[in-house]
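The structure under discussion appears below in the form of structure tokens.
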Amino acid sequence: YDWVVWVDADVLFMDLSGDIIAQVIEFAKPDIHMLVCLDDPEFLPAEGKRATSTNTGTIAMRGSNWSQEFLSTWWSHDEAQIGESDQTVLDLLMSEGGTAVTNHIA
980 YDWVVWVDAD VLFMDLSGDI IAQVIEFAKP DIHMLVCLDD PEFLPAEGKR
1030 ATSTNTGTIA MRGSNWSQEF LSTWWSHDEA QIGESDQTVL DLLMSEGGTA
1080 VTNHIA
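First residue of the sequence shown? That's 980 in the working numbering, and the numbers climb one at a time after it.
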């Protein structure tokens, strides 16, 4: 596939008159391999919880070697192995990986 889209079970599509996912993917630049939603930067986490800026409830991944390698790194990250949330691990990878990661995510 050119793109694979993940949506959580609790995602609700309000307007079914068009293909919003295809419209979003159409505007992805060639070097973008992952589209992910960002939460409100003013979000304050519950006490004892880490703040995350990403919302992994809806993700589009380009069918590419970069995407495959990134998913493998994401899923095998030490924090993921001890039960940290996928959103937190994605935030960590984006901060740890610098532009090698963030240049491919929009």
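Quick reminder that beta carbons are idealized off the backbone N, C-alpha and C, glycines included. These numbers were taken from a predicted model, which means no experiment stands behind them.
C-alpha distance - ASP994 paired with HIS1056, whole-angstrom precision: 36 Å
Every unbroken beta strand (DSSP E) within the segment 999-1085, with a cutoff of 3 residues, ordered by chain: 1013-1017 and 1033-1041
One or two residues paired with PRO986 in a DSSP bridge: Before going on, a small fix: residue 986 reads as Val here, not Pro. Paired residue(s): THR1037.
Neighbour-count burial assignment, ILE1038, 16 or more Cβ in a 10 Å radius: buried
Nearest neighbour of MET1073, chosen from GLN1047, ASP981, VAL1015 and GLN1060 [CA to CA]: VAL1015
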